[in-house]
Amino acid sequence: MVFTKQRLEYLLQNVGDMAFKRRVKTIINGMEIQSADKILDCGCGEGFYLKVIRDFSDCKLYGFDGGNEVLSRAKVELSGCGVQIDKGDIYNLPYQDAEFDKIILSEVLEHLPDDFSALIEIKRVLKPGGVLFITVPNHNYPFMWDPINKTIETLFRTHIKSGFWAGIWNMHTRLYTSDEIISLIKNAGLEIVSVEAMTHYCIPFNHLFLNGMKRLLNKGMLPGISTAADKFRFKENNGSRLNPVNMGYRFLNIIDRLNEKIPLEESSVSIGIKTVKPR
């Protein structure tokens, strides 16, 4: 299958998280994937990036994560796709020096107690001249994305740390300013190719709505729309305009068109950085 932007839109048709969808588009377009590449998704979670890449490329794919539950889903979704899935310690990756041509590190560093050591270890397994594409949550996030935490941070210099209402902070040790993530990357000895802000325009509480929907779907309470609401089931979504989930997707896509080329100084949900390991 030849990669096209139209094909990518098809693969992402069941993704309701505006910020996640924007990250996937940015990373896939920015990686410039070749058939000879050996690619690692470090912190692959359920393996969606790998699923998308496999649709249009026969390159060698590896997924790594430390979580049992997400890797169980990844193994199911990637079964028969020729993707190697590994579990372990991100500070001691089970790979040789300079093994990968390209590495995805999306929404991972913010979870780690020692982000610098993890970045050094990831750099170790990247080939000289290889590409590492990083995304992290932006501390300068839009008010509309998480009004609750934005208000609490502004008034009380704190935030909700965990649980349903934790929003952008949920399970995160830190968020990053653009200066902070750029400094971290440079100190790790990586060269920065590009930095961009991702997802400024959004609907209020987008992530809270999606988390609520996910809980209902996991309990089997919305069987009529479960296929359209599962990002992995894009091939089973017939695109019916009467499906309320598809209606919502069309509305979100209209808003997301405004998110092309957001200035770095603008508030955004994520920061994306394309880096290269020096030769």
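For the sequence shown, the numbering used here assigns the number 15 to the initial residue and increments by one for each residue that follows. Each residue gets a CB set at the ideal place from its N, CA and C atoms; glycine is no exception.
Problem set entry | Cβ shell of L126 (< 6 Å), same chain only, five flanking positions each side left out | As a position in the sequence shown, residue 126 is number 112, starting the count at 1. Result list for L126: A132, in chain order.
For this session: Leaving out five residues on either side along the sequence, give the residues of the same chain with a beta carbon under 8 Å from the beta carbon of H186.
Result: Reading the sequence shown from its first residue, position 172 is the one you call residue 186. Cβ neighbours of H186 within its own chain (closer than 8 Å, five residues either side excluded): E124, H125, P151.
For this session: Could you tell me whether the Cβ atoms of A211 and I287 are closer together than 7 Å?
Result: Reading the sequence shown from its first residue, position 197 is the one you call residue 211. Reading the sequence shown from its first residue, position 273 is the one you call residue 287. One thing to note: A211 has its Cβ no nearer than 7 Å to the Cβ of I287.
Exercise. Going by other Cβ atoms of all chains shown within 10 Å of its Cβ, with 16 needed for buried, is R293 buried or exposed?
Worked result: If you number the sequence shown from 1, residue 293 lands on position 279. Residue environment for R293: exposed (fewer than 16 other C-beta atoms within 10 angstroms of its C-beta).
For this session: Give me whichever residues DSSP pairs with N106 in a beta bridge.
Result: Taking the first residue of the sequence shown as position 1, residue 106 is located at position 92. According to DSSP, which records beta bridges pairwise, N106 is partnered with D103.
For this session: Mind the definition here: the segment 28-41 touches the segment 92-100 only if three or more C-beta pairs lie below 8 Å; say whether that holds.
Result: Touching, no, given that fewer than three Cβ pairs across the two stretches are closer than 8 Å.
Exercise. Hey, quick one: how far does the alpha helix (DSSP H) through Y63 stretch, first residue to last?
Worked result: Stepping through the sequence shown from its first residue, residue 63 is reached at position 49. For Y63, the enclosing alpha helix (DSSP H) covers residues 62-70.
Problem set entry | Nearest-angstrom Cα separation, counted from A112 out to L140 | Counting from one through the sequence shown, the residue named residue 140 turns up at place 126. Counting from one through the sequence shown, the residue named residue 112 turns up at place 98. Between the alpha carbons of L140 and A112 lies a distance of about 5 Å.
Exercise. Are the CB atoms of I117 and Y155 nearer to each other than 7 Å?
Worked result: The residue you call residue 117 lines up with position 103 of the sequence shown. The residue you call residue 155 lines up with position 141 of the sequence shown. Going by C-beta atoms, I117 is not nearer than 7 Å to Y155.
Exercise. V84 lies in the alpha helix (DSSP H); which residues open and close that run?
Worked result: The sequence position of residue 84 within the sequence shown is 70, counting from 1. Its alpha helix (DSSP H) spans residues 82-91.
For this session: Output the boundary residues of the alpha helix (DSSP H) element that contains A211.
Result: Here residue 211 corresponds to residue number 197 of the sequence shown, with the count starting at 1. Element bounds for A211: not the alpha helix (DSSP H) but the beta strand (DSSP E), 205-212.
For this session: Tell whether a beta-carbon distance below 7 Å holds between K137 and K291.
Result: Here the question's residue 137 lines up with position 123 in the sequence shown. Here the question's residue 291 lines up with position 277 in the sequence shown. K137 places its beta carbon less than 7 Å from that of K291.
Exercise. What are the complete beta strand (DSSP E) segments, minimum 3 residues, inside the segment 106-179?
Worked result: Residue ranges of uninterrupted beta strand (DSSP E) with 3 or more members, entirely inside the segment 106-179 and ordered along the chain, are 114-120, 140-151.
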